[in-house]
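J.: Take a look at this one; I'll ask things after.
In our numbering, the protein residues as written are 2 to 47.
Here it is, written out as structure tokens:
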């Protein structure tokens, strides 16, 4: 397990989970957590 990769994915998600499609926060880009984030969270808790 590569802890640095897991932490990089989790750090990326922390910064980008609320990214929006437009200037006025119309839509969140991520309606659901990306699969890579789910996997990183799971591996981080093992």
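In this text, a Cβ means the ideal position worked out from N, Cα and C, and glycines have one as well.
Let me know the secondary structure DSSP gives residue 29 once reduced to three states.
T.: Three-state DSSP puts residue 29 in a strand.
J.: Roughly how many angstroms lie between the CA atoms of residue 21 and residue 37, to the nearest whole one?
T.: Their backbone Cα atoms lie some 19 Å apart in a straight line.
J.: How many angstroms separate the CA atom of residue 46 from the CA atom of residue 7?
T.: If you take the alpha carbons of residue 46 and residue 7, they lie about 11 Å apart.
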